[in-house]
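Residue numbering for the sequence shown follows the working numbering, starting at 7 and increasing by one per position.
Where a beta carbon is used, it is the ideal one built from N, C-alpha and C, also for glycine.
All figures in this text were calculated on a predicted structure; none of them were measured in a lab.
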Amino acid sequence: MYCIPNFGLSRFDGGLLIQTPKGFFEITNSRVCEIILSLPRSGGLIEDVEVIQLLERGEENDSQEVMSYLVETLGIIAKTNISNKSSLVMTTSSIWADVARYLDFDVIEKMEVQPGKINVMIFEGAPEERIIDAAIQELSENDQLIIGFCARSNFVISSTWFRNSGLPCPLCTVDFSLDRVFFDPHDAGMGLSDVYDFVRSLNVKEPSISLRKTDIAFLLRYVKQYIESLSGIGFGAFSPFDPLFTSVIDLAELNRQLVRIPLSPLCNCIKHQI
7 MYCIPNFGLS RFDGGLLIQT PKGFFEITNS RVCEIILSLP RSGGLIEDVE VIQLLERGEE
67 NDSQEVMSYL VETLGIIAKT NISNKSSLVM TTSSIWADVA RYLDFDVIEK MEVQPGKINV
127 MIFEGAPEER IIDAAIQELS ENDQLIIGFC ARSNFVISST WFRNSGLPCP LCTVDFSLDR
187 VFFDPHDAGM GLSDVYDFVR SLNVKEPSIS LRKTDIAFLL RYVKQYIESL SGIGFGAFSP
247 FDPLFTSVID LAELNRQLVR IPLSPLCNCI KHQI
């Protein structure tokens, strides 16, 4: 949970604007503001234990009131880790695996989801829908899945998905990205997935751009920041990420845009929500 002084831009002069993984909240209670501003500024999140210990040094009766204000009234969970899941990068690319290990990711060089993890499935080139579908089927209620793949000269990082999320699944991201975003404007009847299917029918590898290790490191650091924004760790709360959106990164310019992916009519992911 990060605290930003309110600079008088609203009617709540002298209050605090709180930025958390759950959104922005304003605190106007002077006692609560005083307590929060007195906490050590370590760059991390605030633990409820720290709040209570600080209060016990002063007015003992305030501890439960403040915690109730933070947790119940504001809807803030004041924990250093909202999720204790660790991330796991899955890829069959040796170069992606090497760079991911260098950046301290847990890595397996096969596409198998692991329980209790934020599973990040990276494809060196085009996504393989069969593998993604199998991963979706294996996910338990507490697992999360993010996929990354190349499409033309772009790299796509899907929104995070888990069962009962009500969100479009990674296969919707693949369908929308390949057939709605990256299509040939001179032949709108053929999407990128049609091109991939045709190439595969010839037993030829799908076309994809070659990435340098520095490009891969950039993308993986981007993924890491994305994961931190999901789990509330480090400076992730300030990251310009939204788990409801898919990120499309132009590999030539390293520019990013956020895209809201709809449910695909070609996908049966609604069945996965049940």
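For Arg262, report the span of its beta strand (DSSP E) as first-last.
Element bounds for Arg262: 261 to 265.
How do the region 140 to 148 and the region 227 to 235 stand: do at least 3 beta-carbon pairs fall below 8 Å, yes or no?
They do not touch, by the three-pair rule.
With 16 as the cutoff for other CB atoms within 10 Å, does Gly154 come out buried or exposed?
Buried is the call here.
Please classify Ile88: does DSSP put it in a helix, a strand, or coil?
Only weak support is given to the placement of Ile88: the predicted model assigns it a pLDDT of 37, under 50, and the question is left unresolved by the model.
Helix, strand or coil, according to DSSP, for Leu151 in the structure here?
Looking at Leu151 - three-state DSSP - the assignment turns out to be strand.
Counting pairs of beta carbons, one from the region 102 to 112 and one from the region 132 to 141, are three or more of them closer than 8 Å?
Touching, no.
Quick one: what does DSSP say Ala140 is sitting in, helix, strand or coil?
Three-state result, Ala140: helix.
Whole angstroms is fine: what's the gap from Ile114's alpha carbon to Asn125's?
Rounded to the nearest angstrom, the two C-alpha atoms are 11 Å apart.
With three or more beta-carbon pairs closer than 8 Å as the criterion, would you say the region 119 to 134 touches the region 94 to 105?
Touching, per the Cβ criterion.
Since Ser171 and Ile267 are thought to touch, with beta carbons under 8 Å apart, how far apart are those beta carbons, to the nearest angstrom?
So it is not a contact: roughly 13 Å between Cβ atoms.
Name the two residues that bound the continuous beta strand (DSSP E) containing Asp110.
Segment: none, Asp110 is in no beta strand (DSSP E) and carries neither H nor E.
If I measure Cβ to Cβ from Tyr228 and keep anything under 6 Å in the same chain, skipping five residues before and after, which residues do I get?
Around Tyr228: no qualifying Cβ.
What does the Cβ neighbour count give for Gln150, buried or exposed, with the cut at 16 atoms within 10 Å?
Buried, because 16 or more other Cβ atoms sit within 10 Å of the Cβ of Gln150.
Quick test of your reading: Thr338 and Ile163, contact by CB under 8 Å. State the CB separation rounded to the nearest angstrom.
What is shown of the chain runs 7 to 280, which leaves residue 338 out entirely.
So, is Asn160 buried or exposed, given that buried needs 16 or more other C-beta atoms within 10 angstroms?
So Asn160 ends up on the buried side.
Measure the beta-carbon distance from Leu177 to Glu134 and round it to whole angstroms, keeping in mind my assumption that it falls under 8 Å.
That pair is no contact at about 11 Å.
Might you give, ordered along the chain, the residues of its own chain that have their beta carbon closer than 7 Å to the beta carbon of Ile222, omitting 5 neighbours on each side?
Hits under 7 Å: Ile101, Trp102, Val105.
Excluding sequence positions up to five away, which residues of its chain have a Cβ less than 7 Å from the Cβ of Cys175?
The answer, listed in chain order, is Ile142, Trp167, Cys273, Cys275, His278.
Could you name the residues of the same chain whose beta carbon sits closer than 8 Å to that of Ser270, not counting the 5 residues immediately before and after it, in chain order?
Counting only Cβ-Cβ distances below 8 Å, and skipping sequence neighbours, we find Pro174, Leu177, Cys178, Asp181, Phe182.
By how many angstroms is the C-alpha of Arg218 removed from the C-alpha of Val254?
Cα to Cα, the separation comes out at about 18 Å.
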